[in-house]
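For what it's worth, numbering that gives the first Met the number 0 labels the leading residue of the sequence shown as 0, then goes sequentially. Have a look at the structure below before the remarks.
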Amino acid sequence: MTIITVVSNFIIEPTIFKMYINNIQHLLDASEKMSEEMPKGVRELIGFLTLIIDTTTTNISQTLTTTNVKCFEKGCSGLIKTALRPDTGEIHWYCPECENEGLISDWQKTKWDNSAGNK
Ligand SMILES: [Zn+2]
Numbered sequence: 000m001t002i003i004t005v006v007s008n009f010i011i012e013p014t015i016f017k018m019y020i021n022n023i024q025h026l027l028d029a030s031e032k033m034s035e036e037m038p039k040g041v042r043e044l045i046g047f048l049t050l051i052i053d054t055t056t057t058n059i060s061q062t063l064t065t066t067n068v069k070c071f072e073k074g075c076s077g078l079i080k081t082a083l084r085p086d087t088g089e090i091h092w093y094c095p096e097c098e099n100e101g102l103i104s105d106w107q108k109t110k111w112d113n114s115a116g117n118k
């Protein structure tokens with residue numbers, strides 16, 4: 000007879016993920032001031048975030064919805080899910096593949112804002 004031991008006190012590894020909280024205005028200001036010296040990674044991140052603003056404000060959803068924006072993480076082919084938080088107005092984005100996620104604030108009235116309030 001095989002005795003199966005049930006381990007009840009197993010340790011749940013804390014989920015490790017990177018949370019990016021970006022006030023997009025700060026990033027854009029920085030990119031104007033130091034466009035030449037700006038590391039490639041930061042420029043890529045700005046491009047990624049502005050694409051997310053563009054997509055999310057076109058198809059506004061309060062629940063995480065898959066977009067056609069690809070994750071910026073190297074080697075990750077995940078498609079980003081985004082949602083517009085009704086309470087704070089922040090854009091929440093999340094990659095289901097690598098679990099990168101972040102919040103974008105102050106995206107309103109940027110040139111990527113397609114929401115009705117801007118038109
Ligand atoms: Zn990813």
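Backbone N, C-alpha and C fix where the C-beta goes; we use that ideal spot for every residue, glycine too. From a predicted model like this one, the values you see are computed outputs, not experimental measurements.
What whole-angstrom Cβ distance do residue i and residue j have, given they're in contact under 8 angstroms?
{"i": "Ile103", "j": "Asn21", "result": "5 angstroms"}
{"i": "Gly74", "j": "Pro95", "result": "Their Cβ separation, rounded to whole angstroms, is 15 angstroms, which puts Gly74 and Pro95 out of contact at 8 angstroms."}
{"i": "Leu48", "j": "Leu26", "result": "7 angstroms"}
{"i": "Thr56", "j": "Asp112", "result": "5 angstroms"}
Can you check DSSP and say which residues form a bridge with residue i?
{"i": "Ile20", "result": "Leu102"}
Query raised in the report: Residue ranges of each alpha helix (DSSP H) run of no fewer than 4 residues wholly in the region 52-114, ordered along the chain?
Result: DSSP runs (the alpha helix (DSSP H)) wholly in the region 52-114: none.
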